[in-house]
Amino acid sequence: MSRRPTIKFYPSEYDHLPLEFQPPQDGSAGFRAGRIALLKLMPVEHLPKGLIPKRGLFVQPPRFHYGWPYTEAELFEMGSRCGFLHLAPVPPGEVPGVKHMRNLGTQDKLVKMVREQLGIRSCTPELCCAWSKKSLICISLTTNYKRGNRIPPADDVRAIQEFLGIVEPPSWLLDAEGCHDWDVRWFH
Numbered sequence: 009m010s011r012r013p014t015i016k017f018y019p020s021e022y023d024h025l026p027l028e029f030q031p032p033q034d035g036s037a038g039f040r041a042g043r044i045a046l047l048k049l050m051p052v053e054h055l056p057k058g059l060i061p062k063r064g065l066f067v068q069p070p071r072f073h074y075g076w077p078y079t080e081a082e083l084f085e086m087g088s089r090c091g092f093l094h095l096a097p098v099p100p101g102e103v104p105g106v107k108h109m110r111n112l113g114t115q116d117k118l119v120k121m122v123r124e125q126l127g128i129r130s131c132t133p134e135l136c137c138a139w140s141k142k143s144l145i146c147i148s149l150t151t152n153y154k155r156g157n158r159i160p161p162a163d164d165v166r167a168i169q170e171f172l173g174i175v176e177p178p179s180w181l182l183d184a185e186g187c188h189d190w191d192v193r194w195f196h
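Okay, so the sequence shown: first residue is 9 according to my numbering, each after it adds one.
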């Protein structure tokens, strides 16, 4: 019979975080003040320090994305205007629309344009799911799992923002896929 590894968790290590960002005291999944309390604060311009995962099996912080929320219609318009939209085959007589958009192909084209046309290598835009008042999808430039609370160089962020035609500044958004709570996870 194999033994389960002991997971060490010291909630006091996170007392410096605002209450809404802190893990539950008992190491269970969630947030000390509940996810709703955190979502009321989101998005935030600056992510508190200390939300960096530890290598190995630990109670890990949630993942936060740094970028812009958008709707599918906005992405379709933006991708059409900027030239990175990837569509599935459109049946004869149909007008290409959101239902024909393929996110993975669209993301690949966006990354290629950011690398080749803008010459940016400091970050890789991803289309992902994140909580916001606008929608559940965003263009993420980085996450706290990649860079902690550091953001890509301001000139690169500004160049991507101008290329996409986005007016509002990027912000930190809570992941909505798999790492949206404090929870036990393996991180390499």
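The C-beta atom is built at its ideal place from N, Cα and C for all residues, glycine as well.
Alpha carbon to alpha carbon, how far is residue i from residue j?
i, j, result
"TYR22", "ARG71", "15 Å"
"VAL165", "ARG11", "47 Å"
"LYS57", "GLY173", "30 Å"
Please report the Cβ distance between residue i and residue j, rounded to the nearest whole angstrom; I am assuming they are in contact, meaning their Cβ atoms lie under 8 Å.
i, j, result
"VAL67", "PRO31", "6 Å"
"LEU126", "MET109", "That pair is no contact at about 22 Å."
"PHE84", "VAL119", "The Cβ separation is near 18 Å, so there is no contact."
Quick check: residue i and residue j, are their CB atoms within less than 8 Å of each other?
i, j, result
"PRO104", "LEU95", "yes"
"PRO51", "SER140", "yes"
"MET160", "CYS137", "Residue identity check: residue 160 is Pro in the sequence provided, not Met. Result no, Cβ atoms of PRO160 and CYS137 do not sit closer than 8 Å."
"GLU176", "TRP76", "yes"
"SER202", "GLU134", "Since the first residue shown for the chain is 9 and the last is 196, residue 202 is missing from the structure and cannot be characterised."
"GLU53", "ALA41", "no"
"THR114", "GLY87", "yes"
Along the chain, where does the beta strand (DSSP E) that runs through residue i open and close?
i, result
"ILE145", "145-151"
"VAL67", "64-68"
Can you check which of these residues, the options, is closest to residue i by C-alpha distance?
i, options, result
"LEU46", "ALA167, GLY87 and TRP180", "TRP180"
"GLY38", "ASP189, HIS196, PHE195 and LEU172", "ASP189"
"PRO19", "PRO13, GLN33, PHE29 and GLU28", "GLN33"
"LEU65", "CYS146, LYS117 and THR14", "THR14"
"THR151", "GLU28, TYR74, GLY91 and GLU82", "TYR74"
"GLU124", "ILE168, LYS62, GLY186 and LEU59", "ILE168"
"THR79", "ARG89, PRO99 and ILE145", "ILE145"
"HIS24", "LEU49, LEU55 and GLY186", "LEU55"
"ASP191", "PRO61, LYS48 and ALA81", "PRO61"
Taking the alpha helix (DSSP H) that residue i falls in, what are its first and last residues?
i, result
"ASP191", "Note, ASP191: premise wrong, no alpha helix (DSSP H); beta strand (DSSP E) at 191-195."
"CYS90", "80-90"
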